[in-house]
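Protein chains in written order, with this note's numbering: chain L, 29 to 138; chain C, 58 to 172. Worksheet: the structure to be examined is printed underneath.
Here it is as structure tokens:
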């Protein structure tokens with residue numbers, strides 16, 4: 029099972045601020061993913077990467093951006109946070125068909 | 058289109074009782090199937106997965122699931138539920154779309170356990 033870390037775990041921030049959600053994994057997995065999950069709802073894929081310098085948008089349109097400069101690191105950035113961005117963000121990684129998830133970041137934008 | 062349906066939004070069982078959570082999928086090819094569990098405020102933990110072979114799959118924490126191709130189902134079971142099993146359970150199917158591979162999740166089933 030992968031060791032995958034997300035920071036911060038909780039973030040409360042004001043509208044208009046730039047934020048970066050960190051995600052790191054120690055297993056050397058090539059594939060990494062970001063999901064957005066509203067309380068009590070299913071997960072929606074917003075970004076994924078199949079390796080360094082590879083990023084793709086997911087099924088749910090998101091104003092966030094991602095980068096993949098190192099295999100182990102897949103940060104997500106919101107240039108200008110809005111209340112509509114309030115949600116839980118889950119990062120995952122995989123080496124094949126099984127995805128392993130981090131603990132998530134719960135973001136609240138006031 | 059590929060999809061996953063979990064018909065039960067909430068299920069309540071008594072501690073010690075048996076449990077079955079339903080999952081139906083729609084996918085044209087042989088699916089890769091997963092069950093994950095999510096405790097409040099946490100990420101998803103993999104319970105078990107099915108790729109091929111024996112259709113009865115054993116997982117962690119005493120859970121098992123059975124793949125039934127004829128019914129397009131992958132139901133999760135546990136013979137005796139513990140209070141610590143109270144959580145949200147997600148079924149997912151791994152699907153190939155164009156050149157990518159993605160997990161498609163159901164909307165989840167919240168399990169409540171009565172003392």
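All C-beta atoms, glycine included, are put in the ideal place defined by N, C-alpha and C.
**Prompt:** For the beta strand (DSSP E) that residue 88(L) lies in, which residues bound it at each end?
**Reply:** Taking the first residue of the first chain as 1, we reach residue 88(L) at position 60. Note, residue 88(L): premise wrong, no beta strand (DSSP E); not H, not E.
**Asked** Sorted by chain position, which residues of the same chain lie with C-beta nearer than 8 angstroms to residue 81(L)'s C-beta, five sequence neighbours on each side aside?
**Response** Counted from its first residue, the first chain places residue 81(L) at position 53. 96 and 97, listed in sequence order.
**Message:** Closer than 9 angstroms between beta carbons: that is the criterion. Which residues of the region 60-90 of chain L meet it against chain C?
**Reply:** 61, 63, 65, 68, 69, 70, 71, 72, 73, 76, 78, 84, 86 and 87
**Item:** Length of the line joining the Cα atoms of residue 150(C) and residue 86(C)
**Value:** Here residue 150(C) refers to the residue found at position 93 when the second chain is read from its first residue. Here residue 86(C) refers to the residue found at position 29 when the second chain is read from its first residue. So the two alpha carbons sit approximately 11 angstroms from each other.
**Request:** Would you please verify whether the beta carbon of residue 98(L) is less than 8 angstroms from any beta carbon of chain C?
**Result:** Working through the first chain from its first residue, we reach residue 98(L) at position 70. By this cut-off, residue 98(L) is not an interface position.
**Prompt:** How about residue 61(C) and residue 162(C): do their beta carbons lie closer than 8 angstroms?
**Reply:** The residue labelled residue 61(C) in the question sits at position 4 within the second chain. The residue labelled residue 162(C) in the question sits at position 105 within the second chain. Yes. Within cutoff.
**Asked** For residue 127(L) and chain C, any beta-carbon pair shorter than 8 angstroms?
**Response** What you label residue 127(L) is simply residue 99 of the first chain in a count that begins at 1. Output row for residue 127(L): interface = yes.
**Prompt:** By DSSP, does residue 79(L) sit in helix, in strand, or in coil?
**Reply:** As a first step, residue 79(L) must be located in the first chain, where it is residue number 51. Here residue 79(L) sits in strand by DSSP.
**Message:** Would residue 43(L) and residue 111(L) be called neighbours here (beta carbons separated by less than 8 angstroms)?
**Reply:** Mapped onto the first chain, residue 43(L) falls at position 15. Mapped onto the first chain, residue 111(L) falls at position 83. Yes, these two residues count as a Cβ contact at 8 angstroms.
**Asked** Could you give the C-beta distance for residue 166(C) and residue 63(C), rounded to a whole number, given that I count them as a contact under 8 angstroms?
**Response** Here the question's residue 166(C) lines up with position 109 in the second chain. Here the question's residue 63(C) lines up with position 6 in the second chain. About 5 angstroms separates the two Cβ atoms, so the contact holds.
**Message:** Give me the DSSP bridge partner(s) of residue 125(C).
**Reply:** Taking the first residue of the second chain as 1, we reach residue 125(C) at position 68. Beta-bridge pairing links residue 125(C) to 130(C).
**Message:** Between 108(L), 77(L) and 33(L), which has its C-alpha nearest residue 45(L)'s C-alpha?
**Reply:** Here residue 45(L) refers to the residue found at position 17 of the first chain. Residue 108(L) is the option with its Cα nearest to residue 45(L).
**Request:** Give a yes or no on whether the minimum CB-CB distance between residue 131(L) and chain C is below 8 angstroms.
**Result:** Position 103 of the first chain, counted from the start, is the residue given in the question as residue 131(L). With 8 angstroms as the cut-off, residue 131(L) counts as an interface residue toward chain C.
**Request:** Over the uninterrupted beta strand (DSSP E) stretch that includes residue 162(C), give me the two end residues.
**Result:** Along the second chain, one-based indexing puts residue 162(C) at 105. First-last of the beta strand (DSSP E) with residue 162(C): 157-162.
**Asked** Leaving out five residues before and five after residue 144(C) in sequence, what residues of the same chain have Cβ atoms less than 7 angstroms from its Cβ?
**Response** Numbered from 1 along the second chain, position 87 holds the residue referred to as residue 144(C). Cβ within range, chain order: 94, 95, 96 and 168.
**Within chain A, partners of residue 118(L) - CB distance below 8 angstroms** = Of the protein chains in this structure, namely L and C, none is chain A.
**Message:** With a threshold of 8 angstroms, are at least 3 pairs of Cβ atoms found where one atom belongs to the region 73-87 of chain C and the other to the region 123-142 of chain C?
**Reply:** yes
**Message:** For a contact defined as C-beta to C-beta under 9 angstroms, what are the partners of residue 89(C) on chain L?
**Reply:** Position 32 of the second chain, counting from 1, holds the residue named residue 89(C). What residue 89(C) touches in chain L: 125 and 126.
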